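**Student:** If you read the sequence shown in numbering that gives the first Met the number 0, its first letter stands for residue 0, the second for the next number, and so on. First the structure, which I've put down as structure tokens, then a few questions once you've had a look.
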Amino acid sequence: MDLGLRGKVALVAAASRGLGRAVAEELAAEGASLVMCARGKEALDEACEAVRNESGVDVVGVPADVSRPEDVTRLVREAIDRFSRIDILVTNAGGPPSGLFESLGPEKWDEAIRVTLLSTVNLCRAVLPGMKQRRWGRIINITSITVKQPVDGLMLSNSLRAGVTGFARTLANEVATAGITVNNIIPGYTRTQRVEDLAKAVSEREGISIALAMKKWEAEIPMRRLGEPREFAAVAAFLASERASYITGTSIQVDGGWIRSLF
Ligand code: NAD
């Protein structure tokens, strides 16, 4: 299937490693030009160079913290200066810290709102005028299984990703007639640094080994294994494509069957 991504310009946030990087690699493999961001310049430069060498497409790295509105403005301005437009936006950021309600003070909530919810809102606000003008756009938000089945100990993620999902569903309706789709992809337990960090937190909280924490997750997954970032990224490439033109307002789970609900 030709996804029709050659010549499109994609901005992938938080892309120096993990899911964001896998999405960047997949879009580049399909011929899209890329703008990648992350906070640390060194890891970002390394990731951009690897993607560029592997795919041969144009890749620009912009160090930016997506929880800071001024960084988002600069990121999008630099992307447009370089490529004149952004066709595809993939919103992403590091996951909020795990923790039970009593361990999370007001500063932790403020920070999580900025990182998880407002980064998505601000990135969308910055790219939408151009997409509307060209009457074509794809917005893809990386959320979490927590939006369909909250995970114990992930109070901040459970709370704020629901906000992102409500935002995206509402935005999808508002921009549908402008040729712009807005969808979320729900990762299950996928082999990245984030999952290793979460396993460490569980091991400390429950007094079990990190290996046992991982094994317990695998036991909950019908496929009995963690996902690979590439398996997630394939869905992002499809949703970003011309071929996904009638899909909007959805959340698609890539979780090996972990979510047990019907919808
Ligand atoms: P990761 O920790 O492996 O990678 C996170 C990336 O985001 C890194 O490149 C990091 O530099 C960048 N980043 C972090 N904060 C940033 C910020 N404020 N501004 C710019 N860049 C920033 O995480 P991951 O596994 O790739 O997860 C990506 C998202 O998906 C996270 O929000 C995570 O909570 C969520 N998620 C992951 C899983 C999983 O199993 N991996 C499951 C559900 C949800």
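Built from N, CA and C at the ideal position, the CB exists for glycine as well. Nothing here was measured: the structure is a model prediction, and the numbers come from that model.
Buried or exposed for F231, going by 16 or more other Cβ atoms inside 10 Å?
**Tutor:** It counts as buried.
**Student:** For ligand 1, any of its heavy atoms closer than 7 Å to the Cβ of D64?
**Tutor:** Checking the Cβ of D64 against ligand 1 gives yes.
**Student:** So R43 and S15 are in contact, right, with Cβ under 8 Å, and what is the actual spacing, rounded?
**Tutor:** The sequence shown places Leu at residue 43, rather than the Arg named in the question. Yes, they are in contact, since the Cβ atoms of L43 and S15 sit about 5 Å apart, within 8 Å.
**Student:** Nearer than 7 Å: is that true of the beta carbon of G17 relative to any heavy atom of ligand 1?
**Tutor:** Yes, the beta carbon of G17 sits closer than 7 Å to at least one heavy atom of ligand 1.
**Student:** Could you tell me which of E25, K131, R81 and A243 sits nearest to A177, measuring between CA atoms?
**Tutor:** The residue with the shortest Cα to Cα distance from A177 is K131.
**Student:** What residues in its chain sit with their C-beta under 7 Å from that of D340, if we drop five residues either side in the sequence?
**Tutor:** For residue 340 there is no data in the structure shown, the boundaries of the chain being 0 and 262.
**Student:** Do L91 and ligand 1 come close, with the Cβ less than 7 Å from some heavy atom?
**Tutor:** Looking at the sequence itself, residue 91 is Asn, so the reference to Leu does not match. Checking every heavy atom of ligand 1 against the Cβ of N91, one is found closer than 7 Å.
**Student:** Specify whether the region 102-112 and the region 50-59 touch according to this definition: at least 3 beta carbon pairs, one from each stretch, less than 8 Å apart.
**Tutor:** Result no; under three Cβ-Cβ pairs closer than 8 Å.
**Student:** Taking DSSP's pairing of strands, which residues face P62 in a bridge?
**Tutor:** DSSP output for P62 lists A37 as bridge partner(s).
**Student:** Out of N140, L116 and E106, which one is the CA nearest neighbour of I87?
**Tutor:** That would be N140, whose Cα lies nearest to the Cα of I87.
**Student:** I need the straight-line Cα distance from L155 to F100, nearest angstrom please.
**Tutor:** Near 8 Å, if we compare the C-alpha coordinates of F100 and L155.
**Student:** Is it right to say L153 is buried, meaning 16 or more other beta carbons lie within 10 angstroms of its own, or is it exposed?
**Tutor:** Buried, by the Cβ-count rule.
**Student:** Can you check whether the CB of Q252 is closer than 8 Å to the CB of I144?
**Tutor:** Yes, these two residues count as a Cβ contact at 8 Å.
**Student:** Does the Cβ-Cβ distance between V8 and A27 come in under 8 Å?
**Tutor:** Not closer than 8 Å, so no.
**Student:** Taking 8 Å as the threshold, find out whether the region 203-218 comes into contact with the region 159-168 through three or more Cβ pairs.
**Tutor:** No: fewer than three Cβ pairs fall under 8 Å.
**Student:** Could you check which residue in T169, Y188 and P186 has the C-alpha nearest to that of I179?
**Tutor:** The residue with the shortest Cα to Cα distance from I179 is T169.
**Student:** If I follow the unbroken beta strand (DSSP E) through L271, where does it start and stop?
**Tutor:** What the structure shows of the chain is the stretch from 0 to 262, and residue 271 is not part of that stretch, so it cannot be assessed.
**Student:** Closer than 7 Å: is that where the CB of C123 sits relative to any heavy atom of ligand 1?
**Tutor:** Flag unset: Cβ of C123 not near ligand 1.
**Student:** So for N91, helix, strand or coil by DSSP?
**Tutor:** Reduced to three states, the DSSP call for N91 is coil.
**Student:** Express the C-alpha separation of V174 and E25 in angstroms, rounding to a whole number.
**Tutor:** Using only the alpha carbons, I get a separation of about 26 Å.
**Student:** What number of angstroms, rounded off, separates the C-alpha of S240 from the C-alpha of G256?
**Tutor:** Each residue's alpha carbon lies about 25 Å from the other.
**Student:** Use the C-beta contact count for G187: other C-beta atoms within 10 angstroms, 16 or more gives buried, fewer gives exposed.
**Tutor:** With 16 or more Cβ atoms within 10 Å of its Cβ, G187 is classed as buried.
**Student:** Let me check you understand the geometry: is the CB of P68 closer than 7 Å to at least one non-hydrogen atom of ligand 2?
**Tutor:** The model depicted lacks ligand 2 and carries ligand 1 instead.
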